[in-house]
Amino acid sequence: MCVRALERPGVMNNAIAFLNRHLTPFLKSVLGKDVPPDGSFKSDDVFQQYVVLSVVIHIFVIVVLSVSYSRTIKAEIPAGPFEVSLMEIEKPKPATTQKKQPPKPKPKPPEQEKVVIPEPKKQEDAVKIKPKPVPEEKKPEEKPKEEEKKPEVKQPEPVKTPPEEAEPDSVFSPKPEPNPKPSVGGIQIDSPNFNFDYYLAMLQMKIQQNWNVPNGLPASEQGVIATVKFTIRRDGSIVRVGVEESSGLRFFDQSAVRAVMNSNPAPPLPRAYDEDQLGVHVNFVFKEEF
Amino acid sequence: MGFGVSGRWAVPLLCLITMALFALWTSQCAAQTEVSLTIRESRDFTIPLGVEDLRPANGLPAEAKVAGSIQRVLENDLDLSGLFDLYEFSASRPETSYADLRAVARGRVGQKGTSFYLEGWLEEYPNGRSIFVKKWTFKENLSRKAAHKFADDIVLFLTGESGIAQTKIAYVFNDGESQELCVMDYDGYGRRALTAHKSICISPAWSHDGEAIAYTGYWKGNPDLFGIKRTGGKSWPISTREGINSAPAFSPDGKHIAFTMTKDGNAEVYVANMDGSRPRRLTTNRAIDSSPTWSPSGDQIAFTSGRSGTPQIYIMDADGTNVRRLTYDGNLNDSPDWSPRGDRIAYVTRREGRMEIAAVSVFGGIEQLLTWGTGSNENPRWAPDGRHLCFSSNRTGRREIFLMNDDGSGHRLITSGPGEKFCPSWSPRLDQ
């Protein structure tokens, strides 16, 4: 792979340009002599320079070869023992105490969005539709055939045993928490009225799916944590994304911001929530499992 | 020198360090590419969703019948979305039966004069607070459409992206005498022919807005490129230049069309205006270059090329520069389709004499086989949500259209009846 790279003229030219640029001042300082601008040396100097150049190139080739070899090896190592999750951390938040919930609205609130489905327009200028080759539109009642399996609708199961005590850093799961709180798995919200657990679970799931955790993160007991804040509008669009608490690692913060950006649009805000937007804080936690 | 290193050694030593740093940096770059392969690892989430039987609003038998058919379509849509763990919901059961549930879809169907309405809503479980409520009015023959709309809104309110229940699939139908262009709903219903050329049609492709379909037709004696409205009608010529005009792909901005032509003696990829005018040649290679597909951003094109000796998938910038090879596994890779999510390209690969469907990250890396060992599988095309693919397979004895999830799971046969169906192409989301 490396040899192929060296064959490419661009690589070689770059290397020579690189050497020229950095080697010349060095020669100058090290040899204590001026390097003539046209690069002409006295014969001794020239010999010395070529020897140096040759040594450098050999070392370069060896280094690149060994690195690229170790790289191929590395590529085969599975992602590693890292488990990453968006997880809950305690944050001072005044509004965690339960505010009074609005009374349950009736199953079908009054004003609904009404849509009339129009008849399809009759096609103009019809090429006659060939009746024979096209199978008749199947009636919905028609049995699906062979592999077309019916949608699997599960019968509810009896109560499941409570989930095993999950270790704190694999908290992320769309399953409901035993004790739903306004902050679900690392997501906190600005509005105390907003206690739609389904929404936070969906949002968390979406961000988690869009989070591309960078490589090369340091292992530490506390883990790497960044908090990103943003606002969700009623239609689900995400605006005003910013890093609220940096992890100290810029590329990690950026991965968190990108995860949020890529989750735009979020689910539209639920109808029973009466404000027009929602401020959200998400903690991105990277922790190595030992 | 202060370090006691003679001048002779200082230079190579320092250069060595620089080189080592440089090498380290390149390996870092490679490591970042590796990360992109792991994107998919956290995809296997499903949302526990309850679906209650739709009720007839006034208890009329006609309402019950429509409600029943909407119910089946709705459940099929939600199941096909691959997003949910569906539960049959009944309010009379105790809450403890539904420990996992987050949300429940409910609704009722009423009759008003000659038309019907579906009032559908999604509510949080168990507290019953409203997530959305909508009412659709329709004639009985459009009950499927009402169900699709309800399904799409459920997906929208839970994921932020509308579902694909209202999309369509164009495909080619061969009844043994001729091969015509057809369109059906994404679930295989509502099939109809768009053309009646009594000739051969192949390789349909949707325009970015879903209003038109481009295809190659042989009915004038030469494989020419035509366009046709998705509702049918008269087709118009896009490119009728001598030789092959095939494999069309509309640009995402709706301004250009990429396709293959042999007018210069060898199959090359061209980009022309939407009406086929002013074609610009993008590839200049003595090998065959064909089957272009645009990246969703419109700034790159993937295509098949034989320049390495075997057909492989390549990516180039949309102006034809910066060509790089994407696939290395296997000796035949063809028919690429760029995911609407932008991160993967699906294609066909020949393995053990059969055609299989594979996908690979656009950054390169290990290909993922999405089909294996069941007939020949061809022509993968992404759904607009980037979570599903349609393709043709002869695993049942003749070519039929199948759907699957983007990880290769959930194969689903959606066509039936006589004749061969193949060359599917999934529409964008349609405003209708």
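Order-wise, the sequence lines are chains L and S. Residues in the first sequence are numbered from 1 upward in steps of one, following the numbering used here. Residues in the second sequence are numbered from 1001 upward in steps of one, following the numbering used here. Built from N, CA and C at the ideal position, the CB exists for glycine as well. Computed from a predicted structure; not experimentally measured.
- Residues of its chain near serine 237(L), where Cβ-Cβ distance is below 6 angstroms and the 5 sequence neighbours each way are ignored: Contacts found: Pro265.
- Query: Measuring CB to CB, does serine 1376(S) end up less than 7 angstroms from methionine 1355(S)?
  - Reply: Closer than 7 angstroms, so yes.
- In chain order, each beta strand (DSSP E) run of at least 3 residues that lies wholly inside the segment 1199-1258 of chain S: Taken in chain order, the complete beta strand (DSSP E) segments of 3 or more residues contained in the segment 1199-1258 of chain S are 1201-1206, 1212-1217, 1224-1229, 1236-1239 and 1245-1250.
- Message: Any beta carbon from chain L within less than 7 angstroms of arginine 1387(S)'s own beta carbon?
- Response: Not an interface residue.
- Whose C-beta lies closer than 7 angstroms to the C-beta of aspartate 1334(S) among residues of the same chain, with five residues either side of it excluded? Once the five neighbours on either side are set aside, the close Cβ partners of aspartate 1334(S) are Ser1291, Thr1304, Pro1311, Tyr1347 and Val1348.
- Spatially closest choice to arginine 1350(S) from Gln1368(S), Pro1336(S) and Asn1331(S), by CA coordinates: Selected option, being the one with the closest Cα: Asn1331(S).
- Query: How would you call valine 1269(S), buried or exposed, if buried means at least 16 neighbouring beta carbons within 10 angstroms?
  - Reply: Valine 1269(S) is buried by the Cβ-count criterion.
- Between tyrosine 198(L) and chain S, is there a C-beta pair that is closer than 7 angstroms? Taking a beta-carbon distance threshold of 7 angstroms, tyrosine 198(L) counts as an interface residue toward chain S.
- Item | Continuous beta strand (DSSP E) stretch holding glutamate 1268(S): start and end | Taken as a continuous stretch (DSSP letters only), the beta strand (DSSP E) holding glutamate 1268(S) covers 1268-1273.
- Query: Which of the three DSSP states, helix, strand or coil, is assigned to threonine 1440(S)?
  - Reply: No answer is possible for residue 1440(S): the residues shown for chain S start at 1001 and end at 1432.
- Cβ atoms of leucine 278(L) and isoleucine 207(L): under 7 angstroms apart, would you say? Not in contact: isoleucine 207(L) and leucine 278(L) (Cβ atoms no closer than 7 angstroms).
- Do you know offhand how far valine 115(L)'s Cα is from proline 1384(S)'s? It is roughly 24 angstroms from the alpha-carbon of valine 115(L) to the alpha-carbon of proline 1384(S).
- Message: Quick check on the DSSP output: the alpha helix (DSSP H) that includes isoleucine 232(L) runs from which residue to which?
- Response: In the DSSP assignment, isoleucine 232(L) falls outside any alpha helix (DSSP H) and lies within the beta strand (DSSP E) extending over 224-233.
- Could you check the C-alpha separation between valine 1109(S) and aspartate 190(L) for me, to the nearest Å? Going by the C-alpha atoms only, they are around 39 angstroms apart.
- Message: Here's the rule I'm using: 16 or more other beta-carbon atoms within 10 Å means buried, otherwise exposed. How should lysine 222(L) be labelled?
- Response: Here residue 222(L) turns out to be glutamine, not lysine, going by the sequence shown. It counts as exposed.
- Message: For glutamine 209(L), tell me which candidate among Thr1159(S), Arg1106(S) and Ile1244(S) has the shortest Cα-Cα distance.
- Response: Of all alpha-carbon atoms in Thr1159(S), Arg1106(S) and Ile1244(S), the one lying nearest the alpha-carbon of glutamine 209(L) is that of Thr1159(S).
- Counted within 10 angstroms of its Cβ, other Cβ atoms place aspartate 1079(S) as buried (16 or more) or exposed: Here aspartate 1079(S) is buried: its Cβ has 16 or more other Cβ atoms, across all protein chains shown, within 10 Å.
- Query: Mapping DSSP to helix, strand and coil, what is valine 3(L)?
  - Reply: Any reading at valine 3(L) is ruled out, since the residue's pLDDT is 40, under 50, leaving its predicted position unreliable.
- Item | the segment 1099-1107 of chain S touching the segment 1166-1182 of chain S, judged by at least three CB pairs closer than 8 angstroms | Short answer: they don't touch.
- Where valine 1362(S) and aspartate 253(L) are concerned, what is the direct C-alpha to C-alpha distance, given to the nearest angstrom? Within the model, the alpha-carbon separation for valine 1362(S) versus aspartate 253(L) is close to 24 angstroms.
- Rounded to whole angstroms, what's the CA-CA distance from aspartate 1185(S) to lysine 1168(S)? Just pull it up for me. Spanning the two alpha carbons is a distance of roughly 4 angstroms.
- Task: In angstroms with no decimal places, state the Cα-to-Cα distance between alanine 256(L) and glutamine 49(L).
- Result: Separation of alanine 256(L) and glutamine 49(L) (C-alpha to C-alpha, rounded to the nearest whole angstrom) is 49 angstroms.
- Message: In whole angstroms, give me the CA-to-CA distance for serine 1092(S) and leucine 1122(S).
- Response: Their backbone Cα atoms lie some 18 angstroms apart in a straight line.
- Message: For chain B, check one thing: does any of its Cβ atoms lie closer than 7 angstroms to the Cβ of lysine 1135(S)?
- Response: Going by chain labels, chain B is absent from the structure shown, which instead holds the protein chains L and S.
- Task: Take valine 260(L) as the anchor and find which of Ile62(L), Arg250(L) and Val239(L) has the nearest alpha-carbon.
- Result: Closest by alpha carbon: Val239(L).
- So the beta strand (DSSP E) proline 1048(S) belongs to, where does it begin and stop? Unbroken beta strand (DSSP E) run through proline 1048(S): 1047-1052.
- Query: Is the Cβ of glutamate 1420(S) closer than 7 angstroms to any Cβ of chain L?
  - Reply: With 7 angstroms as the cut-off, glutamate 1420(S) does not count as an interface residue toward chain L.
- To the nearest angstrom, report how far apart glycine 1309(S) and threonine 1231(S) are at their CA atoms. One Cα belongs to glycine 1309(S), the other to threonine 1231(S), and the distance between them is close to 42 angstroms.
- Query: Which partner residues does glutamine 188(L) have in the DSSP bridge list?
  - Reply: DSSP, once it has assigned bridges, lists His281(L) as partnering glutamine 188(L).
- Query: Can you tell which of Ala1302(S), Thr1262(S), Asp1299(S) and Ser1130(S) has its C-alpha closest to the C-alpha of isoleucine 1154(S)?
  - Reply: Ranking the options by Cα distance to isoleucine 1154(S), first place goes to Ser1130(S).
- Where do the N-terminal and C-terminal ends of the alpha helix (DSSP H) with histidine 1148(S) fall, by residue? From DSSP, the alpha helix (DSSP H) with histidine 1148(S) extends over 1143-1159.
- Query: Is the beta carbon of alanine 1272(S) less than 7 angstroms from the beta carbon of isoleucine 1288(S)?
  - Reply: It is not a contact, given that the beta carbons lie outside the stated cut-off.
- What are the boundary residues of the beta strand (DSSP E) that lysine 1065(S) is part of? No beta strand (DSSP E) holds lysine 1065(S); the alpha helix (DSSP H) holding it covers 1061-1080.
- Would you kindly work out how many angstroms separate the C-alpha atoms of glutamate 124(L) and histidine 1388(S), rounded to a whole number? Residue confidence for glutamate 124(L) is low, a pLDDT of 38 falling below 50, so the modelled location carries little weight; the figure read from the coordinates is stated next. The straight-line gap from Cα to Cα measures roughly 33 angstroms.
- Neighbour-count burial assignment, serine 1277(S), 16 or more Cβ in a 10 Å radius: Its Cβ having fewer than 16 others within 10 Å, serine 1277(S) is exposed.
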